[in-house]
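S.K.:
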Amino acid sequence: MKLRTLTAAVAMTTAASGLLIVSALENPAQAQETFEWKLVTSWPKNFPGVGQGPERLAERVEEMSDGRLTIEVFGAGQLVPGFEVFDAVSEGTAELGHSASYYWKGKAPAAQFFAAVPFGMNAQEMNAWLHYGGGLELWNELYDDFGVDVLTAGASGVQMGGWFNKEIDSVDDLDGLKMRMPGLGGEVMQRMGVAIVNMPGGEIFTSLQSGAIDATEWIGPYNDLAFGLHQAADYYYYPGWHEPTVMFEAIINEEAYAALPADLQAILRTAVRDVNQDVLDEYTARNNDALETLIDEHGVELRRLPDDVLAEAQEHSADVVAELAETSELATRIHDSYRAFQEKVVNYHTISEQAYYNARNPDASTD
Ligand code: CA
388 MKLRTLTAAV
398 AMTTAASGLL
408 IVSALENPAQ
418 AQETFEWKLV
428 TSWPKNFPGV
438 GQGPERLAER
448 VEEMSDGRLT
458 IEVFGAGQLV
468 PGFEVFDAVS
478 EGTAELGHSA
488 SYYWKGKAPA
498 AQFFAAVPFG
508 MNAQEMNAWL
518 HYGGGLELWN
528 ELYDDFGVDV
538 LTAGASGVQM
548 GGWFNKEIDS
558 VDDLDGLKMR
568 MPGLGGEVMQ
578 RMGVAIVNMP
588 GGEIFTSLQS
598 GAIDATEWIG
608 PYNDLAFGLH
618 QAADYYYYPG
628 WHEPTVMFEA
638 IINEEAYAAL
648 PADLQAILRT
658 AVRDVNQDVL
668 DEYTARNNDA
678 LETLIDEHGV
688 ELRRLPDDVL
698 AEAQEHSADV
708 VAELAETSEL
718 ATRIHDSYRA
728 FQEKVVNYHT
738 ISEQAYYNAR
748 NPDASTD
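When the letters of the sequence shown are read in order and numbered with the numbering used here, they come out as residues 388 to 754.
(1) Who are the Cβ neighbours of residue 421 in its own chain at under 6 Å, not counting the five residues just before and after it?
(2) Tell me whether residue 749 is buried or exposed, calling it buried when 16 or more other Cβ atoms sit within 10 Å of its Cβ.
(3) Quick one: any contact between the segment 491-504 and the segment 704-719, if contact means 3 or more CB pairs under 8 Å?
(4) Within 9 Å of any Cβ in chain E, is that where the Cβ of residue 646 sits?
(5) Any heavy atom of ligand 1 closer than 8 Å to the CB of residue 544?
(6) I'd like the ranges of any alpha helix (DSSP H) spanning at least 4 consecutive residues and lying wholly in the segment 668-735.
(7) Excluding the five sequence neighbours on either side, which residues of its own chain have a C-beta within less than 6 Å of the C-beta of residue 530, listed in chain order?
(8) For residue 391, collect the residues of the same chain with a Cβ closer than 7 Å to its Cβ; drop the 5 residues on either side in sequence, then sort them by chain order.
(9) Could you tell me whether the Cβ atoms of residue 522 and residue 604 are closer together than 9 Å?
(10) Measure from the alpha carbon of residue 585 to the alpha carbon of each residue in 444, 483 and 490, then state which is nearest.
(11) Taking the Cβ atom as the reference point for each residue, do residue 513 and residue 632 lie within a distance shorter than 9 Å?
(12) How many Å lie between residue 659 and residue 429 at the Cα?
(13) Compare the Cα-Cα distances from residue 615 to each of 424, 435 and 426 and report the closest residue.
(14) In the segment 577-628, which residue ranges form an unbroken alpha helix (DSSP H) of at least 4 residues, counting only runs that do not cross its ends?
(15) Given that a residue counts as buried once 16 or more other Cβ atoms are within 10 Å of its Cβ, and exposed if not, what is residue 725?
(16) What three-state label does DSSP hand residue 543 in the structure shown?
(17) Short of 7 Å in beta carbon distance, which residues of its chain neighbour residue 565, apart from the five on each side in sequence? Order them along the chain.
Take a look at the structure:
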């Protein structure tokens, strides 16, 4: 509001609301103060889906704040490399980051609980745990030591199992493969004989095409098509047991956040919550069209992971997650909260979501 409008408003308001406006008038400079933030991401600039989240976040914050808070978005490698996003926000090089928390397992192993747990909760369930089950408070407690706050800022939904340059008919076929797979899923694969390599998304295609890796997972059809992974491997496996969703994160420098007036803080939080849903909606809308393109136009061979691979992966996943829970007192609390919530939500989802899927499509085969 302009000062002139405010003065007129004060003259006409009742005593109660007038008090509020007068207090705003006492510090008109603060109301006009502008902030210019940088947002670093682990994704290629303007990448579909996950890369659109931070772009929309910047647009919405600028619009809602009438330009008082502007955010410049940097893709991976433009200001800092994709895997240095957390440090950049922690140190204040950038005020905001958009990434996935399992990339920081070297700093805080328990961060992996908030990105993806193999055979764990899906996007709907993770959102419920984070926002109504105490998950987000635990995540912020974990990041407290690093001077950053965190909000969840997008979900991929259930991912694909990955791209392989040979057919996988049994667990034995995994032995000796070199594969890119981050987080807990990577640890599980390692126990199944796979050599795991980690790298940011932008390096995957070249590595797969050159033969530096034999297999990779990335996200799902929409994003995998965008990277052209079908040009480097023939076989596309499902389901993404390792990532029943990835929850993306908005990391916020604590000092920068504290310096914002309360209304800009609220605008930022609201915009992140909006983007959190929006990213998932984009994946849900685009994945199937992209899958059809991959199969019909590019001749991709769609395959289901064999039962013994899924069964063995589930066994190792239980071990890997239990071991992660032992890494610290906080990791134990996060694990216990996650598992307790999963047990409850799955109890109801078995007779709601799952029973409904089965009822809607009783003849469906995923084989
Ligand atoms: Ca993935």
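Where is the CB? At the ideal position from N, CA and C, for every residue including glycine.
Being a predicted model, the structure only gives us computed values, none of them experimental.
M.R.: This is what the structure holds:
(1) Within the same chain, residue 421 has close Cβ partners 455.
(2) exposed
(3) yes
(4) Looking for chain E here will not work: only one protein chain is present.
(5) no
(6) 694-712
(7) 537
(8) Any reading at residue 391 needs caution, since the residue's pLDDT is 47, under 50, leaving its predicted position unreliable; the model's value is listed next. Closer than 7 Å at Cβ, skipping near neighbours: no residue.
(9) Contact: no.
(10) 490
(11) The answer is yes: Cβ separation under 9 Å.
(12) 17 Å
(13) Closest option to residue 615, Cα to Cα, is 435.
(14) 591-597 and 608-614
(15) buried
(16) coil
(17) 582, 584, 600 and 601
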